[in-house]
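Protein sequences appear in the order of chains A and B. Counting from 1, position 69 in the first sequence corresponds to residue 488 in my numbering; the numbering is continuous, with no gaps. Counting from 1, position 46 in the second sequence corresponds to residue 48 in my numbering; the numbering is continuous, with no gaps.
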Amino acid sequence: EAGVAQSPRYKIIEKRQSVAFWCNPISGHATLYWYQQILGQGPKLLIQFQNNGVVDDSQLPKDRFSAERLKGVDSTLKIQPAKLEDSAVYLCASSLGGVGSEAFFGQGTRLTVV
Amino acid sequence: SQQGEEDPQALSIQEGENATMNCSYKTSINNLQWYRQNSGRGLVHLILIRSNEREKHSGRLRVTLDTSKKSSSLLITASRAADTASYFCATEGGSYIPTFGRGTSLIVHP
Chain A
420 EAGVAQSPRY KIIEKRQSVA FWCNPISGHA TLYWYQQILG QGPKLLIQFQ
470 NNGVVDDSQL PKDRFSAERL KGVDSTLKIQ PAKLEDSAVY LCASSLGGVG
520 SEAFFGQGTR LTVV
Chain B
3 SQQGEEDPQA LSIQEGENAT MNCSYKTSIN NLQWYRQNSG RGLVHLILIR
53 SNEREKHSGR LRVTLDTSKK SSSLLITASR AADTASYFCA TEGGSYIPTF
103 GRGTSLIVHP
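Here it is in structure tokens:
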């Protein structure tokens with residue numbers, strides 16, 4: 420079974436530039452998550468989708484971050500403009516949804532803002 | 003804010019020894035999951051324990067949950083060098099959104 424695919428794996432940008440990350444979840448998984456993981460910390464949820472609707476985006480910095488999930492499958496996360504503190508690994512995960520569903524994570528995109 | 007907090011932050015043991023790490027949380031949960039993260043494979047789900055369960059086993063892993071103390075423990079028996087990784091607990095409350103702690107960094111020396 421193919422896992423969660425993310426691209427790119429690495430990205431280096433200058434502050435104030437924009438960047439986009441892409442995620443392809445496991446086929447059939449209704450729930451998709453984007454997490455931000457800063458070095459030395461645990462993953463922090465940015466946004467959760469159920470199919471193509473947003474379930475929770477309370478921790479998404481909406482002045483600079485945006486995310487969409489077209490047709491309830493692939494998703495993109497965008498940062499515009501980037502700040503130094505956005506340097507982190509951005510993890511995408513998907514699950515079937517429902518109580519206690521196991522979340523499967525992609526390898527992540529490591530973003531460095533200089 | 004992060005719900006679960008793992009303890010200790012770092013743990014260093016010899017191969018063959020047991021490793022125990024703990025997770026404490028603040029509000030009631032529906033279930034708790036443990037994940038492992040290493041540079042090679044990203045975040046991998048290990049085990050889920052529901053709020054009405056007290057103990058679960060999976061291979062060399064044993065997880066306990068004490069809802070009265072709002073704490074969980076993960077025991078890895080007969081550790082191997084390949085167990086070297088960071089271990090995270092993720093709690094799910096009413097929103098069923100996995101909320102992660104800061105993790106325990108485990109190093110197993112061959």
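Glycine residues also receive a C-beta, built at the ideal position from the N, C-alpha and C atoms.
- prompt: Does the beta carbon of Y98(B) come closer than 8 Å to any beta carbon on chain A?
  reply: Translated into the one-based positions of the second sequence, residue 98(B) becomes position 96. Yes, because at least one Cβ of chain A sits closer than 8 Å to the Cβ of Y98(B).
- prompt: Could one say the Cβ of G95(B) lies closer than 8 Å to chain A's Cβ atoms, at least one of them?
  reply: Numbered from its first residue, the second sequence carries residue 95(B) at position 93. Taking Cβ atoms only, chain A never reaches closer than 8 Å to G95(B), which makes this a no.
Beta carbon proximity, T101(B) to chain A, threshold 8 Å: Residue 101(B) sits at position 99 when you count from the first residue of the second sequence. At least one CB of chain A lies nearer than 8 Å to the CB of T101(B).
query: From N54(B) to L77(B), what distance separates their C-alpha atoms?
result: By one-based count along the second sequence, residue 54(B) stands at place 52. By one-based count along the second sequence, residue 77(B) stands at place 75. For N54(B) and L77(B), the distance between alpha carbons rounds to 19 Å.
message: For a contact defined as C-beta to C-beta under 8 Å, what are the partners of L13(B) on chain A?
response: What you label residue 13(B) is simply residue 11 of the second sequence in a count that begins at 1. Those do not exist, as L13(B) stays about 15 Å from chain A at its closest Cβ, beyond 8 Å.
message: To the nearest angstrom, how far is the alpha carbon of A512(A) from that of A80(B)?
response: On the first sequence, position 93 is the one that residue 512(A) refers to. On the second sequence, position 78 is the one that residue 80(B) refers to. Looking at the two C-alpha atoms, the distance is approximately 30 Å.
message: Looking only at its chain, what residues have a beta carbon closer than 7 Å to the beta carbon of E19(B), apart from the 5 residues adjacent to it on each side?
response: Counting from one through the second sequence, the residue named residue 19(B) turns up at place 17. Result list for E19(B): S81, in chain order.
Cβ of A507(A) within 8 Å of any chain B Cβ: As a first step, residue 507(A) is located in the first sequence; it is residue number 88 there, counting from the start. No, no contact with chain B.
field: G6(B) beta carbon less than 8 Å from that of A87(B)
entry: The residue given as residue 87(B) occupies position 85 in the second sequence. The residue given as residue 6(B) occupies position 4 in the second sequence. Not in contact: A87(B) and G6(B) (Cβ atoms no closer than 8 Å).
query: Per DSSP, Y37(B) forms a beta bridge with which residues?
result: Position 35 of the second sequence, counting from 1, holds the residue named residue 37(B). Answer is H47(B) and F90(B), bridged to Y37(B).
- prompt: Beta carbon of L530(A), beta carbon of P462(A): below 8 Å?
  reply: The residue given as residue 530(A) occupies position 111 in the first sequence. The residue given as residue 462(A) occupies position 43 in the first sequence. No. Outside cutoff.
- prompt: Are the beta-carbon atoms of T495(A) and A507(A) separated by less than 8 Å?
  reply: As a first step, residue 495(A) must be located in the first sequence, where it is residue number 76. As a first step, residue 507(A) must be located in the first sequence, where it is residue number 88. Against a cut-off of 8 Å, the Cβ pair of A507(A) and T495(A) comes out as no contact.
- prompt: Are at least three pairs of beta-carbons, each pair with one atom in the segment 22–40 of chain B and one in the segment 60–77 of chain B, less than 8 Å apart?
  reply: Yes, the segment 22–40 of chain B is in contact with the segment 60–77 of chain B.
task: In angstroms with no decimal places, state the Cα-to-Cα distance between I31(B) and N24(B).
output: Taking the second sequence and counting its residues from 1, the one referred to as residue 31(B) is at position 29. Taking the second sequence and counting its residues from 1, the one referred to as residue 24(B) is at position 22. Taking the straight line joining both Cα atoms gives about 16 Å.
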